[in-house]
Structures are given as C-alpha cells and as structure tokens.
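Sequential numbering of the sequence shown, starting at 2, is according to the numbering used here.
Think of the CB as a built atom: it goes at the ideal place given N, C-alpha and C, for glycine as much as any other residue.
Because the structure is a prediction, the values reported are computed rather than measured.
Before any comments, here is the structure.
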Amino acid sequence: NDYGTAGTYASPSSITTNAQGHVTSITAGSVGSTVYRALLTQTTNGNPVETVLENTTGKTLTYVRVGVGNYRATWSSALADVNKVYMTAATGNYKNGPSLANITSATTNSFNIFTYETSSLTQADSVLERTGIEIIIYP
C-alpha cells in the first residue's frame, strides 16, 4: 500500500486517514505554551496597575515602581527557564505622545520595565496608559 495505514496520528497535531490511507482531516496541535496579556497604567510616582486580559500561566505578577521610569514585575512563583520566555511591550498607547517602554533584566523571578519620553530620551513616569504587555512561556 503506497498510501499508509488508516488511523489517527498525533504529535502535536492530529491527522486522520481513511481506509485507503488518504488524509481526511488535520487538527492543529499545541506546543504547550502559556500566555499573560495585560494593559498597564502608571501615574506620577505610583506603582503600575494591571488590567489582565488573559492569563493561562498559573502565575500572577506584582508591579512596583523602583524609580523614575523604572518598574519591577515579580512573578508569584519562579519561571522554569527564562530562556524560553518571550516578552514584549506594545509600541502604542502611551500617555504623553511619542514614548517608549522597554523590558529588561529578565530573570526567573522578575523583570524590569523602563519608560522613556522619546523627545528627551530620558526615563519618565506617567507614560504607561493602557499599554499592552504580552508574555509567552514555552515548555
């Protein structure tokens, strides 16, 4: 038989074949990643406030203002491997026009977010206003 054996095959997707070995359906699989998506707002010298949009990580984050334009996010429990984590801050939705948010210093326990006014290239508070952040954790 040049067409294979009828049945259902999985890893990580599912492929079903008929008695002649022809593919009859394909279902995409999952790589097992989890995601955290939130909107952050920060004013004057306060801590950033999150509005969680989606969180399948089983973890929470606590945000603290460290200094002007410097905020630390700490995980409720450590990540298994920081080298398997994708983090990004949105490039839009800033309070004061052209601004920048940068995620740095990521460890298994925390990461920092720095915010800047692009006109002066200096760190600044009151920049985040419903600014998106996305974190994907891969197994």
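Taking buried to mean at least 16 other C-beta atoms within 10 Å of its own C-beta, is residue i buried or exposed?
| i | result |
| --- | --- |
| Asp126 | buried |
| Thr122 | First, the amino acid is wrong: residue 122 is Leu here, not Thr. So Leu122 counts as exposed. |
| Tyr139 | exposed |
| Tyr10 | Below a pLDDT of 50, predicted positions are generally treated as unreliable, and Tyr10, at 49, falls in that range; the measurement from the model is reported next regardless. Tyr10 comes out exposed. |
| Ala39 | buried |
| Gln21 | exposed |
Can you tell me which of the three DSSP states residue i falls into?
| i | result |
| --- | --- |
| Tyr69 | It is worth fixing the name first, because residue 69 is Val in this sequence and not Tyr. Note: Val69 maps to coil in three-state DSSP. |
| Asn113 | strand |
| Asn84 | helix |
| Val128 | coil |
| Ser26 | strand |
| Ala74 | strand |
| Ala90 | strand |
| Thr61 | coil |
| Thr17 | strand |
Out of the options, which one is the CA nearest neighbour of residue i?
| i | options | result |
| --- | --- | --- |
| Asn48 | Gly68, Ser34, Lys60 | Gly68 |
| Ser100 | Tyr87, Phe115, Met88 | Phe115 |
| Ala107 | Pro140, Thr89, Gln124, Gly59 | Thr89 |
| Lys85 | Val50, Gln21, Asn19, Val36 | Val36 |
| Thr109 | Ser120, Glu130, Leu62 | Leu62 |
| Thr132 | Gln21, Val24, Val53 | Val53 |
| Asn46 | Ile136, Gln124, Val83 | Gln124 |
| Ser77 | Ala91, Asn56, Tyr87 | Asn56 |
| Ile136 | Ile104, Val24, Ser120, Asn19 | Ile104 |
With residue i and residue j assumed to form a contact (beta carbons below 8 Å), what rounded beta-carbon distance in angstroms separates them?
| i | j | result |
| --- | --- | --- |
| Val65 | Ala102 | Not quite, the Cβ-Cβ distance comes to about 16 Å (not below 8 Å), so this is no contact. |
| Ala81 | Ser111 | The Cβ separation is near 15 Å, so there is no contact. |
| Gly59 | Tyr117 | Not a contact, Cβ separation roughly 32 Å. |
| His72 | Asn113 | In the sequence on display, residue 72 carries Tyr and not His. Tyr72 to Asn113, Cβ: 7 Å. Contact. |
Return the first residue and the last residue of the beta strand (DSSP E) that residue i is part of.
| i | result |
| --- | --- |
| Ala39 | 35-42 |
| Ser120 | Careful: Ser120 lies outside any beta strand (DSSP E) and carries neither H nor E. |
| Thr132 | 132-138 |
| Ser100 | 100-105 |
| Thr52 | 50-56 |
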